[in-house]
Amino acid sequence: MKVGIIGSGGREHAICKSLINSKKIDRIFCFPGNAGTENIAKNIEINLENFELLKNFILNNEIDLIIIGPEKPLVEGLVDYLEKYKIKVFGPSKIAAQLEGSKIFTKKICEKFNIPTAKFGIFENKNEAKNFLVKSKFPIVIKADNLASGKGVYICNNTSEGNLAIEEIFNGKFGKAKNILVEEFLDGEEMSFFTVHDGKIFKSFQTAQDHKRVLEGDKGKNTGGMGAYSPSRLINKDLEEKIINKIINPTLKGLSELGTNYKGFLYTGLMIVKNEPYLIEYNVRMGDPECQTILPKIKTDLIDIFLSCCEEKLNEINIEWSDKKSLCVVVCSNGYPEAFKKNIEIYNLNKVNLGNEDYLFHAGTLKKNNKIYAVGGRVLNFVSLSKNFKTAREKIFSNLNKLNWKDGFYRKDIGYKVIDK
Ligand code: AMP
Ligand code: GLY
36 MKVGIIGSGG REHAICKSLI NSKKIDRIFC FPGNAGTENI AKNIEINLEN FELLKNFILN
96 NEIDLIIIGP EKPLVEGLVD YLEKYKIKVF GPSKIAAQLE GSKIFTKKIC EKFNIPTAKF
156 GIFENKNEAK NFLVKSKFPI VIKADNLASG KGVYICNNTS EGNLAIEEIF NGKFGKAKNI
216 LVEEFLDGEE MSFFTVHDGK IFKSFQTAQD HKRVLEGDKG KNTGGMGAYS PSRLINKDLE
276 EKIINKIINP TLKGLSELGT NYKGFLYTGL MIVKNEPYLI EYNVRMGDPE CQTILPKIKT
336 DLIDIFLSCC EEKLNEINIE WSDKKSLCVV VCSNGYPEAF KKNIEIYNLN KVNLGNEDYL
396 FHAGTLKKNN KIYAVGGRVL NFVSLSKNFK TAREKIFSNL NKLNWKDGFY RKDIGYKVID
456 K
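In structure tokens form, the structure reads like this:
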């Protein structure tokens with residue numbers, strides 16, 4: 036069969052790499068993909084905002100299944116659009132994608148179903164929000180309502196930081212802002228809990244912990260993710276049951292009341308406080324770099340999972356995993372998450388030496404005249420599996436030393452909570 040993957044990040048390269056091992060797949064198209072997917076699939080440069088063009092390509096090339104990696108096309112309703120033309124798509128509907136597209140949409144479901152989450156207020160203008168800060172306790176969290184690639188969240192330690200966040204959000208840093216979310220700061224440890232859904236049932240798809248801040252020690256600006264490890268050290272049976280019963284099931288009920296169900300990956304971002312889960316956010320897709328971290332552990336053919344989700348037959352599948360630890364370090368272009376240079380060559384890639392439990396997934400890369408160039412902020416993902424996190428990270432560092440890319444940087448402390456005691 037022929038498969039199409041939408042997206043150009045490390046997540047999509049990891050999905051592509053996992054699928055390419057399947058005997059059932061003859062051909063993979065990546066829209067638009069990156070230098071990594073170009074080696075194993077056919078990259079198609081197409082304007083993803085133009086759903087009609089995409090639909091025509093899919094129909095003309097008789098692609099049997101489309102997998103949508105990133106949130107933007109999901110929030111914009113690509114699943115609903117393609118399904119109108121009887122195209123099989125793995126991903127949630129436009130309404131369900133509001134779980135990520137609007138933090139306020141999610142907070143309203145939390146309120147209605149008593150889902151544990153940070154206390155919050157919604158404000159429609161700068162003055163209301165600023166007045167609220169005057170009587171608030173710090174730290175406090177201020178969030179843009181729109182999609183912001185993980186960057187629209189400010190943890191503010193005092194009123195002046197809070198006022199700056201309010202100004203930036205209402206001045207349109209993350210797109211037109213009708214309102215703003217101000218939240219209680221939850222003091223605990225984060226964990227990401229992944230599930231895969233077929234519209235009727237869902238199954239667990241592992242846990243992970245990512246590192247969102249740009250600097251070591253979890254300091255500095257928020258990014259899309261600087262690295263991750265899986266599993267989280269926090270997960271246990273009792274916690275898993277609480278997450279499912281107190282958070283995910285009521286959310287699915289909320290969606291069904293809105294006339295939709297959930298198909299695709301669901302990423303539940305949690306703060307765990309004394310073995311109690313609090314919802315921080317939903318993402319309606321796999322995480323990036325969590326996907327790169329988790330997929331190398333999968334033993335079941337990924338295409339069977341996608342197909343069973345599209346056919347409401349997930350109950351017929353048993354998802355099997357390696358019990359190894361997995362760690363991922365993201366290499367970024369200097370300057371990220373602020374301005375960074377584009378079109379810089381990454382040499383030395385041929386010096387990288389990957390063992391059979393090591394993976395290199397590309398993100399913002401482009402191949403030109405047989406050379407690889409960095410064209411995005413997050414550029415490469417090094418992943419290793421091992422019996423323990425420490426060895427996994429050592430294997431990654433050994434390759435990063437070989438790469439020795441002067442125009443980029445990476446965090447040397449990924450996984451510190453499970454490694455450096
Ligand atoms: P979000 O985009 O909502 O996941 O937020 C990005 C990051 O900000 C999260 O991964 C947390 O590290 C942090 N964060 C968000 N909301 C809160 C909160 N209420 N309390 C503490 N940290 C938070
Ligand atoms: N790593 C965070 C995310 O994918 O949103």
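Going by my numbering, the sequence shown opens with residue 36, and the numbers climb by one from there. Every residue gets a Cβ at the ideal spot worked out from N, C-alpha and C, and that includes glycine. Just so you know, these numbers come straight off a predicted model, no measurement behind them.
Self-check item: For Val114, the three-state DSSP class (helix, strand or coil)
Solution: Residue 114 sits at position 79 when you count from the first residue of the sequence shown. The answer is helix: DSSP assigns Val114 an H, G or I state.
Quiz item: Taking Cβ positions, are Ile157 and Leu216 nearer each other than 7 Å?
Solution: Against the sequence shown, residue 157 aligns to sequence position 122. Against the sequence shown, residue 216 aligns to sequence position 181. Yes, these two residues count as a Cβ contact at 7 Å.
Quiz item: Which of helix, strand or coil does DSSP assign to Gly450?
Solution: Position 415 of the sequence shown, counted from the start, is the residue given in the question as residue 450. Gly450 falls in the coil class under three-state DSSP.
Quiz item: Within 6 Å: the Cβ of Val176 and any heavy atom of the ligand AMP?
Solution: On the sequence shown, residue 176 is found 141 positions in, with the first residue counted as 1. Yes; taking the cut-off as 6 Å, the Cβ of Val176 has a heavy atom of the ligand AMP nearer than that.
Exercise. Check Phe86 in the structure and name its three-state DSSP category.
Key: Numbered from its first residue, the sequence shown carries residue 86 at position 51. Reduced to three states, the DSSP call for Phe86 is helix.
Exercise. Rank Phe240, Leu401, Asn85 and Lys298 by C-alpha distance to the C-alpha of Lys377 and give the top, closest one.
Key: Walking along the sequence shown from the start, residue 377 turns up at place 342. The shortest Cα separation from Lys377 among Phe240, Leu401, Asn85 and Lys298 belongs to Leu401.
Quiz item: Sorted by chain position, which residues of the same chain lie with C-beta nearer than 7 Å to Gly112's C-beta, five sequence neighbours on each side aside?
Solution: For this step, residue 112 is matched to residue 77 along the sequence shown. Contacts found: Lys129.
Quiz item: Taking Ile431 as the reference, which of Thr328, Phe341 and Asp61 has the closest Cα?
Solution: Along the sequence shown, read from residue 1 onward, the residue named residue 431 stands at position 396. Here the closest residue by C-alpha is Thr328.
Quiz prompt | Proximity test, Gly260 beta-carbon vs the ligand GLY heavy atom, cut-off 6 Å | solution = On the sequence shown, residue 260 is found 225 positions in, with the first residue counted as 1. Checking every heavy atom of the ligand GLY against the Cβ of Gly260, one is found closer than 6 Å.
Quiz prompt | Residue range of the unbroken alpha helix (DSSP H) whose run includes Pro266 | solution = Stepping through the sequence shown from its first residue, residue 266 is reached at position 231. No alpha helix (DSSP H) holds Pro266; DSSP gives it neither H nor E.
Self-check item: Limits of the unbroken alpha helix (DSSP H) element including Ile150
Solution: Translated into positions along the sequence shown, residue 150 becomes position 115. Where Ile150 is concerned, there is no enclosing alpha helix (DSSP H), given that its DSSP letter is neither H nor E.
Quiz item: If you measure from the CB of Asn78, is any heavy atom of the ligand GLY nearer than 6 Å?
Solution: Here the question's residue 78 lines up with position 43 in the sequence shown. No.
Quiz item: Are the beta-carbon atoms of Thr230 and Ile270 separated by less than 7 Å?
Solution: Translated into the one-based positions of the sequence shown, residue 230 becomes position 195. Translated into the one-based positions of the sequence shown, residue 270 becomes position 235. Not closer than 7 Å, so no.
Quiz item: Can you list, in chain order, the residues of its chain whose CB lies under 7 Å from that of Leu287, leaving out five sequence neighbours each side?
Solution: On the sequence shown, residue 287 is found 252 positions in, with the first residue counted as 1. If we look at Leu287 and ignore the five residues flanking it on each side, its Cβ neighbours are Tyr297.
Self-check item: 7 Å Cβ cutoff met for Ala427 and Arg413
Solution: Counting from 1 along the sequence shown, the entry for residue 427 is found at position 392. Counting from 1 along the sequence shown, the entry for residue 413 is found at position 378. No.
Quiz prompt | Tyr120 and Ser227 closer than 7 Å at C-beta | solution = Along the sequence shown, read from residue 1 onward, the residue named residue 120 stands at position 85. Along the sequence shown, read from residue 1 onward, the residue named residue 227 stands at position 192. Their beta carbons are not under 7 Å apart, which means Tyr120 does not touch Ser227 by this criterion.
Self-check item: Inter-residue spacing [alpha-carbon to alpha-carbon] between Phe86 and Asn96
Solution: Walking along the sequence shown from the start, residue 86 turns up at place 51. Walking along the sequence shown from the start, residue 96 turns up at place 61. Roughly 15 Å separates the two Cα atoms.
Quiz item: Can you tell me where the beta strand (DSSP E) with Asp180 in it begins and where it stops?
Solution: Position 145 of the sequence shown holds residue 180. Unbroken run through Asp180: none, as it is neither H nor E.
Quiz item: Cβ of Gly45 within 6 Å of any heavy atom in the ligand GLY?
Solution: Translated into the one-based positions of the sequence shown, residue 45 becomes position 10. Incorrect: Gly45 has no Cβ contact closer than 6 Å to the ligand GLY.
Quiz item: Which value, in whole angstroms, describes the spacing of the CA atoms of Asp323 and Phe396?
Solution: Within the sequence shown, numbered from 1, the residue matching residue 323 stands at position 288. Within the sequence shown, numbered from 1, the residue matching residue 396 stands at position 361. Answer to the nearest angstrom: the Cα atoms are 11 Å apart.
Self-check item: With 16 other Cβ atoms within 10 Å as the buried cut-off, status of Asp180
Solution: By 1-based counting over the sequence shown, the position of residue 180 is 145. Buried: at least 16 other Cβ atoms inside 10 Å.
Quiz item: Sorted by chain position, which residues of the same chain lie with C-beta nearer than 7 Å to Leu109's C-beta, five sequence neighbours on each side aside?
Solution: In the sequence shown, residue 109 corresponds to position 74, counting from 1. Once the five neighbours on either side are set aside, the close Cβ partners of Leu109 are Ile103, Gly126, Pro127, Ala132, Val319 and Arg320.
Quiz item: So what does Cys367 bridge to, in DSSP terms?
Solution: Position 332 of the sequence shown, counting from 1, holds the residue named residue 367. DSSP, once it has assigned bridges, lists Arg413 and Phe444 as partnering Cys367.
Quiz item: For the ligand GLY, is there a heavy atom less than 6 Å away from the beta-carbon of Asn318?
Solution: As a first step, residue 318 is located in the sequence shown; it is residue number 283 there, counting from the start. Yes.
Exercise. In angstroms with no decimal places, state the Cα-to-Cα distance between Leu337 and Met36.
Key: Here residue 337 refers to the residue found at position 302 of the sequence shown. Here residue 36 refers to the residue found at position 1 of the sequence shown. Each residue's alpha carbon lies about 14 Å from the other.
Quiz prompt | Close Cβ partners of Val114 (< 6 Å) along its chain, the five nearest in sequence each way excluded | solution = Counting from 1 along the sequence shown, the entry for residue 114 is found at position 79. Same-chain partners within the cutoff: Val124, Gly126 and Ser128.
Quiz item: What did DSSP end up calling Val308 once you bin it into helix, strand or coil?
Solution: Stepping through the sequence shown from its first residue, residue 308 is reached at position 273. Residue state, collapsed to three classes: strand.
Quiz item: Where do the N-terminal and C-terminal ends of the beta strand (DSSP E) with Gly39 fall, by residue?
Solution: Here residue 39 corresponds to residue number 4 of the sequence shown, with the count starting at 1. Residues Lys37 to Gly42.
Self-check item: Nonlocal neighbours in the same chain, by C-beta distance under 6 Å from Leu168, ignoring five residues either side
Solution: For the purposes of this step, residue 168 is taken as residue 133 along the sequence shown, with counting starting at 1. Cβ within range, chain order: Thr194 and Gly197.
Exercise. For Arg62, I'd like the list of residues in its chain whose CB is within less than 6 Å of its CB, leaving aside the five on either flank, ordered along the chain.
Key: Walking along the sequence shown from the start, residue 62 turns up at place 27. Answer for Arg62: Lys37, listed in chain order.
Quiz item: Taking the continuous alpha helix (DSSP H) assigned at Val169, which residues delimit it?
Solution: As a position in the sequence shown, residue 169 is number 134, starting the count at 1. It spans Lys161 to Val169 - the alpha helix (DSSP H) in which Val169 sits, taken as one unbroken run.
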